[in-house]
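**Q** Please see the structure below; I have some questions.
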Ligand code: KIV
């Protein structure tokens with residue numbers, strides 16, 4: 522029997538956990554993940570929420586936007602993340618055109634995403650115009666996170682990837698949309714790229730947790746795209762990102778050393794090779810007439 526102290530078992534994060542954190546003023550931590558190993562690390566460090574975001578279109582597939590991501594792509598990645606992070610509250614992003622066409626299609630596709638992967642909930646973009654859809658999905662028993670502000674699936678309509686809610690009409694609309702999403706049954710709302718003061722008003726008024734990305738420090742929690750945070754993305758990095766590491770550089774250095782060592786016959790060394798007994802080798806050589 523092991524004499525090592527048992528590592529304290531982490532409790533599964535639920536909607537109740539998130540509400541409790543908001544009530545106590547404890548910040549909620551939220552990150553994207555697209556693969557098993559990243560999910561394992563995020564679960565190990567104790568992140569509350571994981572988003573299998575459609576940002577995987579850019580981070581994993583090299584697309585120019587999130588629009589080409591399909592439900593099948595999302596399901597594959599969400600399965601891997603779910604397996605790696607059993608204790609986090611995992612959210613699957615609803616890809617473009619999987620929930621905009623009709624309410625029936627939206628419920629069906631949200632069901633496919635949850636049933637096919639085991640994620641705890643889904644996220645979709647949009648304001649009060651999405652409320653009937655949100656009501657229908659929550660009626661089917663699926664927790665929905667709303668997404669307001671810079672909504673990348675409609676970036677073209679918004680005039681590009683730029684901050685939102687910076688004039689009176691747009692800011693008031695954001696505040697009203699957040700209330701509408703909460704009333705429609707969203708268990709939490711993500712605010713992207715809006716002024717910190719507007720996010721503060723929304724956070725203070727909301728009963729549900731408000732998560733921010735580029736929405737300042739007053740939100741109930743923060744989310745970042747894991748590749749941005751780790752320095753593992755070559756594309757545009759938004760103003761709101763803090764880069765905590767440069768994993769891309771570490772990988773590049775490792776691959777460069779590997780290439781050089783192979784070219785110079787420095788790798789593999791004896792310790793990387795399998796051995797055969799001398800007598801056995803002699804028999805092999807004899808059998809081969811060597
Ligand atoms: O897809 C995504 O990664 C997002 C971010 C804004 C968190 O929605």
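In the working numbering, the protein residues as written are 522 to 811.
Yeah, the Cβ is synthetic: ideal placement off N, Cα and C, and Gly gets one too.
All figures in this text were calculated on a predicted structure; none of them were measured in a lab.
1. Do residue 788 and residue 768 have their beta-carbon atoms positioned less than 8 Å apart in this structure?
2. How would you call residue 793, buried or exposed, if buried means at least 16 neighbouring beta carbons within 10 angstroms?
3. If I'm right that residue 750 touches residue 763 with Cβ under 8 Å, what's the distance once you round it to whole angstroms?
4. Run through the DSSP bridge pairs and tell me what residue 551 is partnered with.
5. Can you give the Cα-Cα distance for residue 572 and residue 652, rounded to whole angstroms?
6. Quick one: is the Cβ of residue 668 within less than 7 Å of any heavy atom of the ligand KIV?
7. Would you grab the beta carbon distance between residue 706 and residue 656 for me? Rounded to a whole angstrom, and I think it's under 8 Å.
8. Going by DSSP in three states, residue 658 sits in which element: helix, strand or coil?
9. Between the beta-carbon of residue 659 and the beta-carbon of residue 610, is there less than 8 Å?
10. Kindly indicate which three-state DSSP category residue 523 falls into: helix, strand or coil?
11. Note down the Cα distance separating residue 523 from residue 565, rounded to an integer number of angstroms.
12. Do you know whose CA, among 595, 719, 582, 786, lies nearest residue 697's CA?
**A** Per the coordinate set shown:
1. For the purposes of this step, residue 768 is taken as the residue at position 247 of the chain shown. For the purposes of this step, residue 788 is taken as the residue at position 267 of the chain shown. No; because the gap between Cβ atoms is not below 8 Å, this pair is not in contact.
2. Within the chain shown, the letter at position 272 stands for residue 793. Residue 793 comes out exposed.
3. The residue given as residue 750 occupies position 229 in the chain shown. The residue given as residue 763 occupies position 242 in the chain shown. Residue 750 to residue 763, Cβ: 7 Å. Contact.
4. Start at 1 with the first residue of the chain shown, and residue 551 comes out as number 30. Per DSSP, 570, 744.
5. Position 51 of the chain shown, counted from the first residue, corresponds to residue 572. Position 131 of the chain shown, counted from the first residue, corresponds to residue 652. Computed Cα separation, rounded: 21 Å.
6. Position 147 of the chain shown holds residue 668. Indeed, a heavy atom of the ligand KIV lies less than 7 Å from the Cβ.
7. Counting from one through the chain shown, the residue named residue 706 turns up at place 185. Counting from one through the chain shown, the residue named residue 656 turns up at place 135. Their Cβ separation, rounded to whole angstroms, is 6 Å, which keeps residue 706 and residue 656 in contact under 8 Å.
8. Here residue 658 corresponds to residue number 137 of the chain shown, with the count starting at 1. Correct three-state label for residue 658: helix.
9. Looking up residue 659 in the chain shown gives position 138. Looking up residue 610 in the chain shown gives position 89. Contact flag unset, no.
10. Position 2 of the chain shown holds residue 523. Residue placement at residue 523 cannot be trusted, given a pLDDT of 49 that sits under 50; what the coordinates show is reported in the next sentence. Coil, per DSSP.
11. Counting from 1 along the chain shown, the entry for residue 523 is found at position 2. Counting from 1 along the chain shown, the entry for residue 565 is found at position 44. Any answer about residue 523 is weak, because its pLDDT of 49 lies below 50 and its placement is not dependable; what the coordinates show is given next. Taking the straight line from one Cα to the other gives about 21 Å.
12. In the chain shown, residue 697 corresponds to position 176, counting from 1. Closest option to residue 697, Cα to Cα, is 719.
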